[in-house]
Structure formats: structure tokens, C-alpha cells
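Trainee: The structure is given below, and queries will be raised subsequently.
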Amino acid sequence: MTTTDYRLIDSTLRDGSHAISHQYHNEDVIKIVQGLDAAGVQVIEIAHGDGLGGSSFNYGFSAVPEKELIAKACDVATNAKIACLLLPGIGLADDLREVNEMGVQVARIAVHCTEADITEQHIKVAKGLGMEAIGFLMMAHMNSPEGLVEQALLMQSYGADTIYIADSAGAMTTEDVKVRVNALVQALDVPLGVHAHN
């Protein structure tokens, strides 16, 4: 990739579900995936807002089981890759295996920005299934640039193909993002992504 290359991962059908209390239906997924696919979006992420296994009393029940929605997304996407998000402890390695059989090609393994050490199993499972594995460091404002580098290097060592930092709380300024991105780009051998809020 050159310095101007980028890839968009659209999370309307995952992170966007928080705004509607995880009440997506099959017809919503079909229309959104078809629209994003036609627009040239490269990767479409779908799961409960809190990732695979998130439909629960604790996090809010989905209107339709998330794996049914994921299957619909995989059925209708023609060019875009379908991705999922998994938080270890909420989602299980078996969830990755099941959605991979449906056609999910990208797994984002998400943890708090100081807990990369708990991603090893899930990154390795995703890689073993032939999926692209993305390490996803949430609440990135709560760690220093140097601390994020340390965590990202752990994920890279487990086999992550890309590392993302997420401004989950919408707390970072442009300068905060810039400093963290610069530190990570200097340290990593894999691409870096940013998931921003606000």
C-alpha cells in the first residue's frame, strides 16, 4: 500500500445498531449491504453492537438473532467483504468458526486499550480459519502513545494483519489522534486503522 491508500470498514450494521437498540431486521440488512456494496465500500461489519454474542440481558437483545443477519449480509454482498467484531469474553472462538462458515472473511478482535494480551487466542483462531484478523484497541484515549505501541505490538506478534485504535468515547482531539497514529505507524509492520467517534 502507498501512503495514500486506505480502506473503509463501514460499521453501520454493528456500531450503528447501538443507536436503534440493536433492532435491525433482515430487510434492513439486505438494503444496507446492497447500498454499501454498490457504493464500493470494501468491508461491511455486522454483529450486535457489542460484538458476536452481545445479544443478551446485559447488552440488549437483538430484534433478530445476529447470526441470521450475518447470513443475510453474506448472501447479498457481491464485492464487499463481510466482517464481524468479537470481544473476548462476550464472543467465543466457536462464534468465529460459525460465522466464518457463513462467509465472514474479516474478524475484528476488540479489547480495552490495555488488554491486548487477551486477544491471542482469538486472533490465532481467526488466522487459522483463513480470515483477516484485525486487532482493535478500544478507548484509545486512556493509553499513552507509547502504551498503545506496546499493546499493538502484542497484537501484531499474535498475527494481526492490521491494528485499529478506537476513540470509543469520542474523547480525543485531532492532535491526540495525530500523536498516537504517528507513534504506531513508526512502530508497526502492519497497516493501522482509526475508528473515530464524534
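When we follow this note's numbering, the leftmost residue of the sequence shown carries the number 172, and every step to the right adds one. Here a beta-carbon is modelled for each residue, glycine too, at the ideal position from N, C-alpha and C. The structure presented is a predicted model; accordingly, all values stated were derived computationally and were not measured.
Counting along the chain, where does the beta strand (DSSP E) carrying M326 start and finish?
Mentor: From DSSP, M326 is part of no beta strand (DSSP E) but of the alpha helix (DSSP H) over P316 to Y329.
Trainee: Please name the residue or residues paired with L363 in a DSSP beta bridge.
Mentor: Its beta-bridge partners are I334.
Trainee: Three or more C-beta pairs under 8 Å: does that hold for the region 227-245 against the region 290-303?
Mentor: No, the region 227-245 is not in contact with the region 290-303.
Trainee: Can you tell me whether DSSP reads G301 as helix, strand or coil?
Mentor: Looking at G301 - three-state DSSP - the assignment turns out to be coil, as it is neither helix nor strand.
Trainee: In whole angstroms, what is the alpha-carbon distance linking E198 and Q205?
Mentor: One C-alpha to the other measures close to 11 Å.
Trainee: According to DSSP, is G225 helix, strand or coil?
Mentor: DSSP places G225 in coil when its eight states are reduced to three.
Trainee: Under 9 Å, do I305 and Y329 count as touching if we go by C-beta distance?
Mentor: For I305 and Y329, no; Cβs fall outside 9 Å.
Trainee: With DSSP run on the structure shown, which of helix, strand or coil describes L258?
Mentor: In the structure shown, L258 sits in coil (DSSP, three-state: anything other than H, G, I, E or B).
Trainee: Just how far apart, CA to CA, sit D186 and V282?
Mentor: Computed Cα separation, rounded: 15 Å.
Trainee: Contact between the region 306-321 and the region 338-348: three or more CB pairs below 8 Å?
Mentor: Cβ pair count under 8 Å is three or more, so yes.
Trainee: Beta-carbon within less than 7 Å of M172's beta-carbon, same chain only, minus the 5 sequence neighbours each way: which residues are those?
Mentor: Bear in mind that a pLDDT of 46 at M172, under 50, signals an unreliable position, so the number given afterwards is only what the model happens to contain. Within the same chain, M172 has close Cβ partners P362.
Trainee: Select from T290, T344 and R351 the residue whose C-alpha is nearest the C-alpha of V320.
Mentor: Cα-wise, what sits closest to V320 is R351.
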